[in-house]
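Beneath this line is the structure, given in structure tokens, with notes to follow.
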Amino acid sequence: MKQYQNPIRLPEPETIGKENVWAKVGDPFVYRFNGRYYLYPSAGAEGIEVWESEDLTDWQYIGIVADDPILGYAYAPEIFYFNGVFYLITSPRGEGHYIYTSCNPTGPFERLTDNFGQTIDGSIFVDDDGSLYLFRAGNPSIYAHKLERDGTIHEAHELFGTSMGHWTEGPGVFKRAGRYYITMTGNHLLSRGYRIDYAISEDGPLGPWMVPRNKTILVNSDYENGSLGHSSSVIGPDLDSYWIFYHSYPVDRMGKRNGRNSRMDRMLFPGDELVVSGPSQSECPAPPHADFYGWTDNADYGDKFQYESGRILSCEALRQIGTAEVTLIPGNEGKALFGYRDEQEYVSISCVKEHFMVYVVNEDGQECLLDSKLYEGFRTDVLHSLRVEFAPEETRFFIDLMMQGKTKALDGTGRIGTQNAQRTSYVAFHGQVGQSSDRLHYNNIPGKAFALLAMPGSDGKVFRCADGQQHLMLREGEQIRLRLNVEQAGEYHIQILAQAFEDTKVECGFRTGECGMKLARMESMRRLELNRVILEAGIQECNLTVKEGEVLLHSMELFPAIEPEQGEYSGLELCHKADQIEGDICIDRVEGMQMDRKGHVLSRFGERFHADGFIEADILFYEFDSDNPSGLFLRVSEDSSYYEQVEVGHRGYFVGFDGNEMFIWRMDFGKKELWRQRCFLLPWKEYCIRVEIWGGSISVWVNGQRLVTVMENEPFPYGRAGVGSFGARTLVKRIQYELR
């Protein structure tokens, strides 16, 4: 099995032949055309460069796409193909947009418009009816404009539901299964909390856009692999999978950076959710090719096709279910052929007088199943990609990824190709459809594996809850199998998000052992720790079996079980032991850490994958400010501070004090208040504050008196502990902590 490892190796003329040296580029935009992929990153001084690939893994450097001095330091170039023309949009030096055109994805591109402003990060989407839309960055949301083919843009629409709480950039839109998906990045390139969110629209490119529960799909605030952002999404070479490209921007503790790295990971669709199996760090299975693929106009693939009586047909045949694609110049009489068994039995697609026509030919004659109106000015003398999805429940038809309609389920069995086409190029088919290949993916661990994406042959029934979420119902004796790609060998926590409706027993089996637990009846979904297990590194399978009762299962999450850590420090020793992230600095004093400025500060203890434990601090509050609290942090897996981003740039829990009240926040680059109660504290007085977290239970003590215990059904699973302030002046004299 071919594998790849992030970051993606992009060769340049000066790096070819050098081991472990590759182009340092950001904002990677990947476009698929005629079975090949083209990658365009933000430009350096010399202009916009492009790389080409057939498999998303091995890339060839092509060169500069346009001879125009304006394109030096062009931000986030993107292209799209429409009716024979490639359009390139970019914002040179971030000072407004230009659109260029070409007849080739590698150029040369010629300027179509002058600078028409509209900030940065322009991205163009073509809807099913041929309407064009421009999406671009804004504060705090993404904005969209209707776009004419000559480059004229219409009024701006703020896309509510796309805000990331501050400056939001890097939009990208695609349509799948009748839904529109938008990905976006915030808030600042130089923040370690740079991250990628998504939203969904059922109605159209202008929304309304709905914010999903799992809105953040890629984030990693670690110094060496963090600052993840500015993505693009593309269908894989198997015609079925989706892949996301993005960059990381490593930084050292002194703030020094050494270029951005392009990365790639698999997108998955469990039910109504979009997730990313990543960010991956170790070797992963590479994007697979289609079962059959080739270019009829490339002699290297000549033995894959038969040429007879004006027909070009694949030598191999698609099975009943799957996805097929033909790229051709139809001309006046050309047709694409699918499910071809013989001259008397096949499906044909033709584009005549701006109509998309689907016919079924069999022994009874010819029947028109679909007649769809194409957009005005549709050309038959340029390349178009015709795509058919033979799904069990229906058959769907596309041209250049624009859906033209659907019919009853047709049998896709047979060869594919063209008849009387002016030119035939890429021809491919694969035995997966509607992202059914997601069930064959090896989920990157640490990370999640989703019950709805269990391997084919698994048991269970899909169940939709009142909140709209989909889960898998498993009853006694039923089992699911999941594929994993484990980054490092070692001991792992195994947690499930599930609900038991009666006394239930579940077991998980791995190549290296088994674990399980009994579950009591629950009123709602909860995160539960099954046990720990030793795992080998690399690709493998596991199973989850319901031994007794029944359970509603959403996902399984695995993460390393690391060594416990504990410590107790005070005075200057505390100042030296604390791991302080960016933000306003602490002042080292003999008495302890002094947080003395009207800014954010966090000093942390432990490691990312610590799960449970406590932290206790002796704190002298100099002053209180209801808008700028201070307190203790728990399970902080992501943390960041930057002056141009959301104020709460963390994922984890914060127990804060403002002199009058105590409160608990669930932080996820924003905050949700879990609890608030009266708690009178006096300035210039020292208090002993203790907070604990065990499973989903969070407890708070002040001077030895327990104030509250709060339960979270779906808690964050792991993270560091810490002490910090969002602006209040405090002195931390002593810290004691124990993390497991």
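Residue numbering for the sequence shown is -4 to 735, as defined by the numbering used here. Yeah, the Cβ is synthetic: ideal placement off N, Cα and C, and Gly gets one too.
Short Cβ contact (8 Å threshold) for residue i with residue j
i: Ser37; j: Tyr82; result: no
i: Met551; j: Leu539; result: yes
i: Phe628; j: Pro555; result: no
i: Ser186; j: Ser226; result: no
i: Thr419; j: Thr291; result: yes
i: Ser136; j: Phe155; result: yes
i: Glu73; j: Ser118; result: yes
i: Gly717; j: Arg630; result: no
i: Thr322; j: Gly30; result: yes
i: Arg522; j: Pro325; result: no
i: Pro8; j: Tyr56; result: yes
Own chain residues within Cβ distance below 8 Å of residue i, not counting five before or after
i: Thr725; result: Gln589, Met590, Ile614, Leu615, Phe616, Tyr617 and Ser625
i: Val457; result: Gly266, Leu447, Gln465, His466, Leu467 and Met468
i: Asn623; result: Lys593, Ser720, Phe721, Gly722 and Ala723
i: Gly485; result: Ile529, Leu530, Pro555 and Ala556
i: Trp679; result: Leu615, Phe616 and Tyr617
i: Asp217; result: Arg187 and Arg603
CA nearest to the CA of residue i, picked from the options
i: Glu656; options: Gly665, Ile688 and Val703; result: Val703
i: Val80; options: Asp233, His161 and Thr375; result: Thr375
i: Phe675; options: Trp689, Asp292, Phe104 and Asp620; result: Asp620
i: Ser636; options: Asn182, Trp17 and Ala285; result: Asn182
i: Tyr138; options: Phe130, Arg144 and Asp145; result: Phe130
i: Ile411; options: Tyr341, His466 and Pro451; result: Tyr341
i: Glu153; options: Ala495, Arg144, Val168 and Ala132; result: Ala132
i: Pro559; options: Phe600, Leu525 and Tyr26; result: Phe600
i: Phe28; options: Pro232, Arg671 and Glu197; result: Pro232
i: Leu234; options: Val353, Gly426 and Glu358; result: Gly426
i: Asp498; options: Asp109, Ala515, Leu492 and Phe505; result: Ala515
i: Tyr746; options: Ser343, Pro325, Phe385 and Arg470; result: With the chain represented from -4 up to 735, any question about residue 746 goes unanswered, as that position is not in the structure.
i: Asp298; options: Leu213, Thr147 and Cys310; result: Cys310
i: Gln276; options: Tyr93, Val246, Leu477 and Tyr(-1); result: Tyr(-1)
i: Phe496; options: Asn526, Val541, Phe300 and Glu681; result: Val541
i: Asn110; options: Leu201, His140 and Gly146; result: Gly146
i: Cys570; options: Val585, Gly578 and Gln561; result: Val585
i: Val380; options: Val356, Tyr421, Arg174 and Asp337; result: This sequence places Ser at residue 380; Val is not what is there. Looking at the Cα atoms, Tyr421 is the closest of the given residues.
i: Arg174; options: Pro166, Trp204 and Tyr26; result: Trp204
i: Val206; options: Ile659, Asp295 and Met179; result: Met179
Helix, strand or coil at residue i according to DSSP, with G and I counted as helix
i: Arg261; result: strand
i: Cys310; result: coil
i: Ile440; result: strand
i: Lys368; result: strand
i: Leu154; result: coil
i: Leu5; result: coil
i: Leu726; result: strand
i: Ile137; result: coil
i: Gly566; result: helix
i: His149; result: coil
i: His161; result: coil
i: Lys680; result: strand
i: Pro64; result: helix
i: Gly647; result: strand
i: Asn621; result: The residue you asked about is not Asn; residue 621 is Ser in the sequence shown. Reduced to three states, the DSSP call for Ser621 is coil.
i: Asp395; result: coil
i: Lys572; result: helix
i: Lys299; result: helix
i: Leu213; result: strand
i: Arg434; result: helix
Residues near residue i by beta carbon distance below 7 Å, same chain, minus five either side
i: Ile440; result: Leu479, Asn480, Val481, Glu482 and Leu553
i: Thr507; result: Val528, Ile529, Leu530 and Glu531
i: Met741; result: This structure leaves residue 741 out entirely; the chain is present only between -4 and 735.
i: Ser598; result: Ala573, Asp574, Gln575, Cys581, Met588, Gly717, Val718 and Gly719
Length of the line joining the Cα atoms of residue i and residue j
i: Ile195; j: Thr402; result: 25 Å
i: Ser304; j: Phe333; result: 17 Å
i: Val546; j: Gly690; result: 20 Å
i: Gln490; j: Glu707; result: 15 Å
i: Val650; j: Tyr487; result: 28 Å
i: Gly544; j: Gln494; result: 11 Å
i: Tyr76; j: Ile94; result: 13 Å
i: Trp770; j: Gly608; result: Shown here, the chain extends from -4 to 735; a query on residue 770 therefore has no answer.
Contacts around residue i, its chain only, beta-carbon distance under 6 Å, and the 5 residues preceding and following it disregarded
i: Glu611; result: Arg685 and Gln731
i: Ile534; result: Tyr437 and Asn480
i: Glu90; result: none
i: Gln399; result: Phe351, Ser367 and Phe392
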